[in-house]
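Those protein sequence lines, which keep their order, are chains A and D. FYI, the UniProt record's numbering numbers position 219 of the first sequence as 219, with every residue one higher than the one before it. FYI, the UniProt record's numbering numbers position 105 of the second sequence as 105, with every residue one higher than the one before it. Cβ coordinates follow ideal geometry from the N, Cα and C atoms, glycine included. Predicted model, so just to flag it, every value in this text is computed and none were measured. Structure record follows, encoded as C-alpha cells.
Number of protein chains: 2
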Amino acid sequence: MAETETAEAPTARATVGDSEFDRDTAVTLREPGVHDADLSAGWTIVNAVNGGYLLAVVGRALAQALPHPDPFTISAHYLTASEPGPAVVRTETVRTGRGLSTGQASLVQCDADGNEVERLRVLASYGDLDALPDDVRTSAAPPSMPPPEHCFGADDAPADQRSMPGSSAIADRLWLKLDPATLGWALGQPSGKGEMRAWFGLADGRPADPLSLLLAVDALPPTAFEMGLTGWVPTVELTVHVRAKPAPGPLRVAISTRNLAGGFLEEDAEVWDSADRLVAQSRQLARARL
Amino acid sequence: MAETETAEAPTARATVGDSEFDRDTAVTLREPGVHDADLSAGWTIVNAVNGGYLLAVVGRALAQALPHPDPFTISAHYLTASEPGPAVVRTETVRTGRGLSTGQASLVQCDADGNEVERLRVLASYGDLDALPDDVRTSAAPPSMPPPEHCFGADDAPADQRSMPGSSAIADRLWLKLDPATLGWALGQPSGKGEMRAWFGLADGRPADPLSLLLAVDALPPTAFEMGLTGWVPTVELTVHVRAKPAPGPLRVAISTRNLAGGFLEEDAEVWDSADRLVAQSRQLARARL
C-alpha cells in the first residue's frame, strides 16, 4: 500500500523556472539559432534518455527562438539514441505569422570521435495559449480511474518485483501513480488491452505548464506491456498538440493503442488537468520488438 | 437516390502509375534534392488546394529521394496557401538506416513578384511495408457504416442544395460516398457529434496505394460541419502513419474530433481497406473559424 506522502500529489515546493525539470531542460543561447544544452542522466529509463524529456529541451529552445511562447503542435522524428551529456539544439525560424509561427530544430551530440550525430529533428508551430478564446466543445470525457491513493507508483512494489530492470532515474523525478486496472503487466498478467493510465506530476512539486506536458505524454510505461510485450518500444515519431494551459494540481494521462501490426504500434495520449480540461493530445509511432 | 454507376466503386480503369492522381502528383528530378511539380487545379476545394493532395506530391518526392519506398510516418506543417501551378519540392536526406530512413522536404512556389514562398514543410520516416512481418493485433474495429449504395456523394444532392460553395474540382476526381448518419450538416441539421465517415476511392478507378492514402485521410468534409460550424477549417499540421499496403477495393475513412476548444480542433482519421485492415491513421490540428 502506498504511503500517504507518496499517494498524495506533491505539494508545490519547486516552481516553474526553479525546479529539477527547468534546470535539466535549460538551454543557453550561444549565438542566434544555436543553443547549448546538457542532457541530464536524471531522465533516463533503462539507460535511454526519455523521449518526452528530449522534446521538452528542444521545445524550450524553440520557445526562445520563435516570437510565440507555446508549442501548439510539435513533431519529433527520433534518429539515434541520445546520451546524457552536452548537446546542441539548432533552431531555424521557418515562418512568422500573426497567430502562429513555425520553427524547425535539430538536437545533436558529438560521438566519441568528435563527429556530430543528430539525435532528433523537430518541426513545430507555436502560438500564445493565453490569446485563445475560452470556447470549449469537448465531446471527450476524462479517463475513469481511481484516486491517487488507490493507484500505484514505483515505490509501492517490493524491491524484488520491480519490473523495470536497469537504471530508471526518471522514476525519482516523477510522481506517477498507475491505475491498477492497467498494471497487470507488472504482476505478470497483462490485460491484453492497449491501455495505460496514471496520475502524473513532478516529484519536486513543480506545477505543470505547456513545456512539462511534452514530458507527460511520454512518461508512462508503454501500452505494449499491457499487450504482453516485454521488450522496449523505441519511438520513431512523436507529435504533441498542446491545447490549453493546465490548471494547478495533478494531471491524468491516458494512453491507448488500437493497432499493433507489422512490428509497429501507435500510442495515443490524452492529458487532463484538475479542472477536467483536455490540455494535451499526442500520438507516437513506435517499434515493437516482438 | 444515388444512381447505380456512382453508388458502386469505380471499376479499375486507371492503374497505379497511369491515372489522374499519378499525373497530378508527378515530380521531376531537376538536380539532386530539387524536384519540379505542377500543382493541378483539379484537386481544389473552394479554391484551396487540398492538403492531402499536397502531402502526396511531397510524399512522392521523398520516396524518390530516400532509399526506402513507403511513408511510415509523415508530418506536414502548412505555412501558406498553395495555388495551382508550378511548384518546387526540395528534399534533404536526414538519416539513412537499415529499416527506416528520415527525410525533410519543403514545397515552395513563386509569388507574383517572383519571390519564393514556402507552402509546407515536411518531416518523414520511410520504410518498406512489404518487409514487415504479418503479425497483426488490432483492437480497433472497422467503422460501422452502410454499404456504398446507401451512402451519398456530391452527385446525389439536388444542385440547389449543394453545400460546398465555389469550385470543388476535387469532387470530380474522388469517389466519395458519405454515411448518411454523418450528413446532417448538408441538410442544415448537424448532429453535434464530431464524426464523418465515407467510402473512398479515386473516380478513375486507380487502386489505392500508400501514396493515395495520404490523400484519403484529408479528403472528407471536415468534422466541424457536423459540429455546427460552417466556415472553412484550415490545417495547421497533419501527421499520417501508413501501417499497411491497402488491399484492392474501396476504402472506408472514419474521422473524429474529440476536442474543439480555443478556436482549434484535432481531426483523427482511420482508413480501413476491403480486407478490414487498418491501413492508415492520421491526426491533424486545424483552426476552426468560430
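Next on the checklist: Distance cutoff 7 Å, beta carbons only. Does residue 10/A sit that close to anything in chain D?
Outcome noted: The residue labelled residue 10/A in the question sits at position 10 within the first sequence. Interface annotation, residue 10/A: not in contact with chain D, CB-CB separation never under 7 Å.
Item to check | Nonlocal neighbours in the same chain, by C-beta distance under 6 Å from residue 125/D, ignoring five residues either side | outcome: Here residue 125/D refers to the residue found at position 125 of the second sequence. Hits under 6 Å: 72, 73, 100 and 102.
Next on the checklist: Please list the terminal residues of the continuous alpha helix (DSSP H) segment that includes residue 212/A.
Outcome noted: For the purposes of this step, residue 212/A is identified with residue 212 of the first sequence, where counting begins at 1. Here the alpha helix (DSSP H) through residue 212/A covers 210-216.
Checklist entry - Start and end of the beta strand (DSSP E) containing residue 95/A? => result Translated into positions along the first sequence, residue 95/A becomes position 95. Counting along the chain, the beta strand (DSSP E) containing residue 95/A begins and ends at 85-96.
Checklist entry - Taking the C-alpha atoms as reference points, what is the distance between residue 117/A and residue 36/D? => result Position 117 of the first sequence, counted from the first residue, corresponds to residue 117/A. Position 36 of the second sequence, counted from the first residue, corresponds to residue 36/D. The straight-line gap from Cα to Cα measures roughly 31 Å.
Item to check | Sequence-distant residues of its chain with Cβ nearer than 6 Å to residue 277/A (five each side left out) | outcome: Here residue 277/A refers to the residue found at position 277 when the first sequence is read from its first residue. Excluding residues up to 5 positions away in sequence, 244 lie with their Cβ nearer than 6 Å to the Cβ of residue 277/A in the same chain.
Checklist entry - Do the CB positions of residue 185/A and residue 152/A come within less than 7 Å of each other? => result Here residue 185/A corresponds to residue number 185 of the first sequence, with the count starting at 1. Here residue 152/A corresponds to residue number 152 of the first sequence, with the count starting at 1. Residue 152/A sits away from residue 185/A, with the two beta carbons spaced by 7 Å or more.
Checklist entry - Quick one: which chain A residues come within Cβ less than 9 Å of residue 328/D? => result In the structure as shown, chain D begins at 1 and stops at 290. Residue 328/D is therefore absent and cannot be evaluated.
Checklist entry - Of the choices 8/D, 229/D, 240/D and 90/D, whose alpha-carbon is the least far from that of residue 263/D? => result Walking along the second sequence from the start, residue 263/D turns up at place 263. Residue 229/D holds the alpha-carbon nearest to the alpha-carbon of residue 263/D among 8/D, 229/D, 240/D and 90/D.
Next on the checklist: My parser needs the beta strand (DSSP E) runs of 3 or more residues fully inside the segment 109-180 of chain D; what are they?
Outcome noted: Counting whole runs of 3 or more residues, the segment 109-180 of chain D contains the beta strand (DSSP E) stretches 116-127, 136-138 and 174-178.
Next on the checklist: Closer than 8 Å is the cut-off here; do at least three beta carbon pairs connect the segment 136-153 of chain D with the segment 187-204 of chain D?
Outcome noted: Yes: at least three Cβ pairs fall under 8 Å.
Checklist entry - Going along the chain, which residues of the segment 275-290 of chain D sit with their C-beta nearer than 7 Å to a C-beta in chain A? => result So the close ones are 278, 281, 283, 285 and 290.
Next on the checklist: Within a Cβ cutoff of 6 Å, which residues of the same chain sit near residue 164/A, ignoring the five residues on either side of it in sequence?
Outcome noted: As a working mapping, residue 164/A is identified with position 164 in the first sequence. Low local confidence applies: a pLDDT of 49 at residue 164/A is under 50, so the model's placement there is unreliable, with the coordinate-based value given in what follows. No residues qualify anywhere along the chain.
Item to check | Residue burial classification, residue 187/A (beta-carbon count within 10 angstroms, cutoff 16) | outcome: Against the first sequence, residue 187/A aligns to sequence position 187. Classification of residue 187/A: exposed, given that the 10 Å Cβ count is below 16.
Checklist entry - Starting from residue 223/D and walking both ways along the beta strand (DSSP E), at which residues does that stretch end? => result The residue given as residue 223/D occupies position 223 in the second sequence. Per DSSP, residue 223/D belongs to no beta strand (DSSP E); it is in the alpha helix (DSSP H), 223-226.
Next on the checklist: Please confirm whether residue 94/A has its beta-carbon closer than 7 Å to some beta-carbon of chain D.
Outcome noted: As a position in the first sequence, residue 94/A is number 94, starting the count at 1. Chain D, which has a Cβ nearer than 7 Å to the Cβ of residue 94/A, makes this yes.
Checklist entry - Hey, does residue 259/D have any beta-carbon neighbour from chain A nearer than 7 Å? => result Numbered from its first residue, the second sequence carries residue 259/D at position 259. Yes, its Cβ sits closer than 7 Å to a Cβ of chain A.
Checklist entry - Within 7 Å (strictly less), CB to CB, does residue 243/A reach chain D? => result Within the first sequence, residue 243/A is the residue found at index 243, counting from 1. Yes, contact with chain D.
Item to check | C-beta atoms of residue 268/D and residue 256/D nearer than 7 Å | outcome: In the second sequence, the residue the question calls residue 268/D occupies position 268. In the second sequence, the residue the question calls residue 256/D occupies position 256. In this structure, residue 256/D lies closer than 7 Å to residue 268/D by Cβ.
Next on the checklist: Just to check my reading of the structure: residue 91/D and residue 65/D have Cβ atoms closer than 8 Å, yes? What is that Cβ distance to the nearest angstrom?
Outcome noted: Your numbering for residue 91/D matches position 91 in the second sequence. Your numbering for residue 65/D matches position 65 in the second sequence. That belief holds up - the Cβ atoms of residue 91/D and residue 65/D are roughly 4 Å apart, short of 8 Å.
Next on the checklist: Could you compute how far the alpha carbon of residue 203/A sits from the alpha carbon of residue 212/A?
Outcome noted: Looking up residue 203/A in the first sequence gives position 203. Looking up residue 212/A in the first sequence gives position 212. Spanning the two alpha carbons is a distance of roughly 12 Å.
Checklist entry - Taking a cut of 7 Å between CB atoms, which residues from the segment 116-136 of chain D lie near chain A? => result Cβ contacts with chain A: 118, 121, 123, 125, 132, 133, 135 and 136.
Checklist entry - Which of the residues in the segment 196-227 of chain A, read from start to end, lie with their CB under 7 Å from any CB of chain D? => result For the segment 196-227 of chain A, residues whose beta-carbon sits nearer than 7 Å to a beta-carbon of chain D comprise 227.
Next on the checklist: List, from N- to C-terminal side, the beta strand (DSSP E) runs of 3 residues or more that fit wholly inside the segment 12-75 of chain A.
Outcome noted: Runs found: 27-31 and 34-39.
Checklist entry - What residues in its chain sit with their C-beta under 6 Å from that of residue 50/A, if we drop five residues either side in the sequence? => result Within the first sequence, numbered from 1, the residue matching residue 50/A stands at position 50. The residues are 43 and 170.
Item to check | Local conformation of residue 270/A per DSSP, three classes | outcome: Working through the first sequence from its first residue, we reach residue 270/A at position 270. Correct three-state label for residue 270/A: strand.
Next on the checklist: I'd like to know if residue 236/A contacts chain D, where contact means its C-beta is closer than 7 Å to some C-beta of that chain.
Outcome noted: Walking along the first sequence from the start, residue 236/A turns up at place 236. By this cut-off, residue 236/A is an interface position.
Next on the checklist: Against chain A, with Cβ distances strictly below 7 Å, would residue 75/D count as a contact?
Outcome noted: Position 75 of the second sequence, counting from 1, holds the residue named residue 75/D. So yes, residue 75/D belongs to the interface.
Item to check | Element boundaries [beta strand (DSSP E), containing residue 233/A] | outcome: Along the first sequence, read from residue 1 onward, the residue named residue 233/A stands at position 233. No beta strand (DSSP E) holds residue 233/A; DSSP gives it neither H nor E.
Next on the checklist: Using the three-state DSSP reduction, which class does residue 192/D fall into: helix, strand or coil?
Outcome noted: For the purposes of this step, residue 192/D is taken as residue 192 along the second sequence, with counting starting at 1. Taken through DSSP and simplified to helix, strand or coil, residue 192/D comes out as coil.
Checklist entry - Pick from 52/D, 206/D, 38/D and 10/D: whose alpha carbon is nearest that of residue 216/D? => result For the purposes of this step, residue 216/D is identified with residue 216 of the second sequence, where counting begins at 1. Residue 52/D is the option with its Cα nearest to residue 216/D.
Checklist entry - Apart from the five residues on each side of it in sequence, which residues of its chain come closer than 7 Å, Cβ to Cβ, to residue 166/D? => result Here residue 166/D refers to the residue found at position 166 when the second sequence is read from its first residue. Here residue 166/D scores only 46 on pLDDT, less than 50, and its place in the model is too uncertain to base an answer on.
Checklist entry - Cβ of residue 94/D within 7 Å of Cβ of residue 108/D? => result Position 94 of the second sequence, counted from the start, is the residue given in the question as residue 94/D. Position 108 of the second sequence, counted from the start, is the residue given in the question as residue 108/D. Not closer than 7 Å, so no.
Item to check | Beta carbon proximity, residue 62/A to chain D, threshold 7 Å | outcome: The sequence position of residue 62/A within the first sequence is 62, counting from 1. Chain D, which has no Cβ nearer than 7 Å to the Cβ of residue 62/A, makes this no.
Checklist entry - Using a C-beta cutoff of 7 Å, does residue 239/D count as contacting chain A? => result Against the second sequence, residue 239/D aligns to sequence position 239. A Cβ of chain A is located within less than 7 Å of the beta carbon of residue 239/D.
Item to check | Chain-order list of residues whose beta-carbon lies under 7 Å from that of residue 285/A (same chain, five-residue window excluded) | outcome: On the first sequence, position 285 is the one that residue 285/A refers to. The beta carbon of residue 285/A sits closer than 7 Å to those of 236, 237, 264 and 266, all from its chain and outside the five residues before and after it, given in chain order.
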